[in-house]
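Here's the structure, in structure tokens; my notes come after.
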Amino acid sequence: MGKKEIMEYLGLDVEIVESSDDSQRGIKGTVYNETKNVFVVECKDGLKTIPKKGKMFKFRNGKEEYLVNGDKINYRPEERIKLCWRT
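If you're matching positions, the sequence shown starts at 1 in our numbering and goes up one per residue.
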């Protein structure tokens, strides 16, 4: 993971564009919390806990969009930041 990749996801708009679980594909909202294995997403109908594994996420930050493979960000946020700055 390079330094230019997103390191903080909290507060970003997110959409699940690919998922091994069909019921989670298309979920949209704002990242409310993050742990090593899941995002908690604030959706119109409440908070949803979304596992990172097996998902492709589309994050929006203003006009910029980023596709991120959930399998590659299966770290605690603080671990991911350390890994990004080591490379």
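Don't be surprised by glycine CBs; every beta carbon is placed ideally from N, CA and C.
These numbers were taken from a predicted model, which means no experiment stands behind them.
- Non-local beta-carbon contacts of N69 in its own chain, meaning distances under 7 Å to residues more than five positions away in sequence, involve M56 in chain order.
- Listed as beta-bridge partners of I16 by DSSP are F57.
- Between V31 and V14, the gap from beta carbon to beta carbon is short of 8 Å.
- T49 is bridged by DSSP to V40.
- Secondary-structure assignment with DSSP links T30 through a beta bridge to D13, E42.
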